[in-house]
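Visitor:
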Amino acid sequence: MKTDKTLKLELFFAALADRTRLRLLNLMRDGEVCVCFFAETLETNNPKISRHLAYLKRAKLVAGRRDGKWMNYRINQPNDKKAADVFVQIMEMLKEDKQMQADRKKLANVCCAPQPPVNIKPARKSLEKV
28 MKTDKTLKLE LFFAALADRT RLRLLNLMRD GEVCVCFFAE TLETNNPKIS RHLAYLKRAK
88 LVAGRRDGKW MNYRINQPND KKAADVFVQI MEMLKEDKQM QADRKKLANV CCAPQPPVNI
148 KPARKSLEKV
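Written out as structure tokens, the structure reads:
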């Protein structure tokens, strides 16, 4: 019979056993990331990204925060000390992976936000009749 702790451990390792989820965690290493940045960086669709983020949320490895119409995600360190130690080691190992390094470079160059508003000067009044 599985205990609650065993189930949490199983979910923890299952969440880390997928390359896409590892790539997502790698992109969040330095802080929050908007879900649309993930899709563009990993060159995949939002539903696939959302499915993987939901899995990471169930494992309590990420937390989401809504900011207007944007959804941002960040890493949520495991509460269990031993799981947290394993997680830190995995994150360190990801730093050395060529694909993970390429993803982080690509993340630095993507943007989904609308362009800043452009100030439009009012039209000049028509020339007065002489």
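Residues in the sequence shown are numbered consecutively from 28, following my numbering.
Just so it is clear, CB atoms sit at the ideal spot from N, CA and C, and this is done for glycine as well.
Could you name each continuous alpha helix (DSSP H) segment of 4 residues or more that falls completely within the region 55–132, going from the start of the chain to the end?
Guide: Here the runs fully enclosed are 62–69, 73–85 and 108–122.
Visitor: Report the residue from Arg92, Phe114 and Lys32 whose alpha carbon sits nearest the alpha carbon of Leu49.
Guide: Selected option, being the one with the closest Cα: Phe114.
Visitor: Take Val137 as the anchor and find which of Cys63, Ala86, Asn99 and Pro74 has the nearest alpha-carbon.
Guide: The residue with the shortest Cα to Cα distance from Val137 is Cys63.
Visitor: Go ahead and pull the three-state DSSP assignment for Thr33.
Guide: It is helical.
Visitor: Write down the C-beta distance between Asn99 and Glu59 rounded to the nearest angstrom, noting that I regard them as a contact closer than 8 Å.
Guide: Correct: roughly 4 Å between the Cβ atoms.
Visitor: Are the region 40–55 and the region 118–133 in contact at 8 Å, needing three or more beta carbon pairs?
Guide: Flag = yes, the region 40–55 and the region 118–133 touch.
Visitor: Are there 16 or more other CB atoms within 10 angstroms of the CB of Phe65, so buried, or fewer, so exposed?
Guide: Per the 10 Å Cβ criterion, buried.
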